[in-house]
Amino acid sequence: MTRIIAGEAGGRRLRTPPGQGTRPTSDRVREALFSALEAHLGTLDGCRFLDAYAGSGAIGLEACSRGAATVTLIEQNGPTASLIRANAKQLGMGEVSVLAARIERLAIAGPTGGAALPFEVAFFDPPYDVPNDDLARVITDLERSGWLSADVLLVVERARRGEPWRWPDGFEQLREKRYGETVLCYGQRVGPARSAVRAEPARSADPAEPARSTQGPDPTDPGRHRRTDRDSREP
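Residue numbers (our numbering): 228 to 462.
Dropping the structure here:
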């Protein structure tokens, strides 16, 4: 059973696609992920969130339940995308947009509708057989096409036994956390590419082991000072 863990829809169940085609992130990893995001951001309230390989939609819908202002989920399988829309409607989540498309094509083409941009948090959990180089190319294309904010926080979920994740040029690792066979890697733009969050309106467009390698603030440290003013946080 997949459910929303916390927030306005906490405890509500989600319908999931039949078979083994999707691999929902476990409750344990989801809870750790959102605890880290809230420690880093202070709150998800007002955040523009991207779930780039939506699958069951559990991550994006969890973000909406926890206060994200807008959530865009991208899922290439049409019936699965329809199921995510049905779950969002059942939960009363009007802030959710589901794009039934390949993220690789959208990243190259650029924003064309159905999303509130730029994204301040972007989550990537592709199938484990997607090579790291392909995922890195998607992130680079999203950046070039204007999908990502200057201070975007990125999270990549990968298999622990797979090839170690390496961020593409222009991005750097903040932290890596392991949970059983799952690894979460947190990243951000490199130095000068980051900026203080600017107060600009969202634009609409179509379409348990401590880690290695720490650079910059640690989004997984619960003791980190929490800010509630998103417009004045430091990257």
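The beta-carbon is built from N, C-alpha and C at its ideal position, and this holds for glycine as well.
Just so you know, these numbers come straight off a predicted model, no measurement behind them.
Distance CB(residue i)-CB(residue j) smaller than 8 Å
i	j	result
Leu362	Glu384	no
Ala349	Leu381	yes
Ala205	Ile330	Here the chain covers residues 228 to 462 and nothing more, so residue 205 does not appear.
Gly238	Gly294	no
Leu344	Arg275	yes
Cys240	Arg230	Note that residue 240 corresponds to Arg in the displayed sequence, not to Cys. Yes, Cβ-Cβ distance for Arg240 and Arg230 is below 8 Å.
Ser292	Ala236	yes
Ala263	Tyr413	yes
Ser283	Pro244	yes
Val379	Phe346	yes
Gly287	Ala281	yes
Environment of residue i [buried if 16+ CB atoms lie within 10 Å]
i	result
Glu390	exposed
Gln200	Past the edges of the chain, shown from 228 to 462, lies residue 200, and the structure says nothing about it.
Ala423	Confidence at Ala423 is low in this model, with a pLDDT of 38, below 50, so its placement is unreliable and the value that follows should be read with caution. So Ala423 counts as exposed.
Gly418	exposed
Pro353	buried
Gly319	exposed
Pro428	With a pLDDT of only 44 at Pro428, under 50, the local geometry of the prediction cannot be trusted, and the value read off the model is given with reservation. With fewer than 16 Cβ atoms within 10 Å of its Cβ, Pro428 is classed as exposed.
C-alpha distance - residue i paired with residue j, whole-angstrom precision
i	j	result
Phe398	Glu289	26 Å
Pro338	Leu277	13 Å
Tyr355	Glu408	12 Å
Pro358	Gly373	23 Å
Arg393	Glu258	24 Å
Asp368	Leu375	10 Å
Met228	Ala336	36 Å
Gln360	Arg242	Before going on, a small fix: residue 360 reads as Asp here, not Gln. C-alpha separation (whole angstroms): 32 Å.
Ile366	Gln317	31 Å
Arg332	Pro306	19 Å
Ile232	Ala308	21 Å
Asp396	Arg387	22 Å
Ala328	Val298	16 Å
Glu370	Ala377	9 Å
Ser253	Arg364	26 Å
Check whether the segment 309-319 and the segment 263-274 are in contact - that is, three or more C-beta pairs closer than 8 Å.
no
The segment 242-262 / the segment 322-330 touching (three or more Cβ pairs under 8 Å):
no
Quick one: any contact between the segment 292-310 and the segment 396-409, if contact means 3 or more CB pairs under 8 Å?
no
Could you pull out every unbroken beta strand (DSSP E) segment of at least 3 residues lying fully inside the segment 315-397, listed in chain order?
323-326, 340-344, 346-351, 375-386
Could you tell me which uninterrupted beta strand (DSSP E) segments, each at least 3 residues in length, are contained entirely in the segment 254-323, listed from first to last along the chain?
275-278, 297-301
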